[in-house]
Structure formats: structure tokens, C-alpha cells
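A.B. asks: Going by this note's numbering, the first residue of the sequence shown is number 31, and it counts up by one from there. The structure that follows is given in the form of C-alpha cells.
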Amino acid sequence: YDMLLLRYSSTGALLLEKHVDLGGDELGASMARSGSSIYVAGSAGSDLLLVKMAADGTVEFTAPVPNAYAGGIAVGDAVYVAATVGNDAALLKFDLSGALVSTTLYDSGGADRGNAVAFWDGAVWLGGESSGDLFLRRHSPDGTPESVTIRDSGLGSDQALAIAAGARLVVAGGAGARA
């Protein structure tokens, strides 16, 4: 596989098709825009891969993180990626040139996954799954953990898969037994 970026007009006409091929299997999992730049978080084999592209599809940088898997991405004064590193959820902070600035792990002692990230109320919010429960963790912009909320629906495995920020913070995910 190649990581693929497609851009369409408002009428559905294909304007751009960009493949990122680093010689292995590269997949895009999530993306965000900041100005005219496009940031894609995904994978290259067993590594997390952050790619920044210009509006014309030119790759400006690639930033691999070994043995990590990407979830969501949010861009502001830095690039934040929700990730899974080993059995821990992680908030990865990159500067805008692709250098990894910090990794903040969330380790409940069980299997944790970082799936979603958003900015809201002056903080960075990481969501995912913690030992079968949904978690939502607030971080300061420097990545320092401030608080965590755990939600157990009582239906089985719960997880946050997406976070949207507006007047309120909204979390979408799943609750219930896995087939």
C-alpha cells in the first residue's frame, strides 16, 4: 500500500491524487489541515508515520515513530497525535517541522489505546480505550496530564473513537461486547 491523499472540487472532480511510498506499506489513518498544510497520521509497517504535505501534495516531511500506531490528529501551535505504544495510550506532540517534542503515556495497568485527540477549552484532550472502558484525558498544551474521566457503560468494551470540540466537547465511540 501507499499512503493516499485525494482532493476533490465541490462538484466532485478529482483535483489531486498524491501517493506517499516509502518502500513499504504506508496507510493514512487521520488528517488535519492548518493553513494550506495537510498533516496525515498513519502507519509505515509497524511504525507510526506523520506526514506533512503542502497544498499541491508536495511532501514537506515524514516523521516516523517506531512501534507505535496512529489514531486521531489535531494541529494548532503544534501537532498532536493520539497513539498506541505497546499496551499504552499515548499523546505524541510534534513541533510544526516534524520533530517529536514529547510523548505522554497513559498506562492503566491494562491494555490502553489512544484513538482520538482534540483542542478544547485551552487543553488537549486524548480519548480512547482503557482496559475495556472509555477514557477521556485532559492535558495542558505542553502535554502534562491534568485529569482523566473513565466511562463504563456496563455493556462491555467501551471506547472513544472521535472527539469534536465546539460549544461542548462531544465524544463518539462504541459500547458493548465485541463480536
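Every residue gets a Cβ at the ideal spot worked out from N, C-alpha and C, and that includes glycine. It should be emphasised that the depicted structure is a prediction, and the values quoted were computed from it without experimental measurement.
Among 55, 91, 164, which residue has its Cα nearest to the Cα of residue 70?
C.D. replies: Ranking 55, 91, 164 by Cα distance to residue 70 puts 91 first.
A.B. asks: Can you name, in chain order, every residue of its own chain whose Cβ lies under 7 Å from the Cβ of residue 39, other than the five neighbours on each side?
C.D. replies: The answer, listed in chain order, is 45.
A.B. asks: Please report the straight-line C-alpha distance between residue 134 and residue 85, rounded to a whole angstrom.
C.D. replies: Taking the straight line joining both Cα atoms gives about 30 Å.
A.B. asks: Alpha carbon to alpha carbon, what distance is there between residue 98 and residue 32?
C.D. replies: In a straight line, the C-alpha of residue 32 is about 18 Å away from that of residue 98.
A.B. asks: Can you name, in chain order, every residue of its own chain whose Cβ lies under 6 Å from the Cβ of residue 35, other than the five neighbours on each side?
C.D. replies: These residues qualify, in order along the chain: 48.
A.B. asks: The beta strand (DSSP E) with residue 35 in it runs from where to where?
C.D. replies: Element bounds for residue 35: 33–38.
A.B. asks: Taking 8 Å as the cut-off, decide whether the C-beta atoms of residue 158 and residue 149 are in contact.
C.D. replies: No. Outside cutoff.
A.B. asks: Would DSSP call residue 51 helix, strand or coil?
C.D. replies: The answer is coil: DSSP assigns residue 51 none of H, G, I, E or B.
A.B. asks: Reducing DSSP to helix, strand and coil, say where residue 59 ends up.
C.D. replies: Three-state result, residue 59: strand.
A.B. asks: Measure the beta-carbon distance from residue 118 to residue 142 and round it to whole angstroms, keeping in mind my assumption that it falls under 8 Å.
C.D. replies: Rounded, the Cβ-Cβ distance is 5 Å, consistent with contact.
A.B. asks: Which whole-angstrom value is the C-beta distance of residue 112 and residue 144, which I expect to be below 8 Å?
C.D. replies: At roughly 4 Å, the Cβ-Cβ gap stays under 8 Å, so residue 112 and residue 144 are in contact.
A.B. asks: Between 122, 204, 199, 67, which has its C-alpha nearest residue 88's C-alpha?
C.D. replies: Answer by Cα proximity: 67.
A.B. asks: Beta strand (DSSP E) containing residue 145: first to last residue?
C.D. replies: It spans 142–150 - the beta strand (DSSP E) in which residue 145 sits, taken as one unbroken run.
A.B. asks: When we look at the beta-carbon of residue 59 and count the other beta-carbons within 10 Å, is it buried (16 or more) or exposed?
C.D. replies: Buried, by the Cβ-count rule.
A.B. asks: What is the rounded straight-line gap between the Cα of residue 168 and the Cα of residue 136?
C.D. replies: Rounded to the nearest angstrom, the two C-alpha atoms are 11 Å apart.
A.B. asks: So the beta strand (DSSP E) residue 92 belongs to, where does it begin and stop?
C.D. replies: Per DSSP, residue 92 belongs to the beta strand (DSSP E) from 89–95.
A.B. asks: Would you report the Cα separation of residue 191 and residue 200, rounded to the nearest angstrom?
C.D. replies: In a straight line, the C-alpha of residue 191 is about 11 Å away from that of residue 200.
A.B. asks: Within 10 Å of its beta-carbon, does residue 100 have 16 or more other beta-carbons around it, so buried, or fewer, so exposed?
C.D. replies: Burial call: buried.
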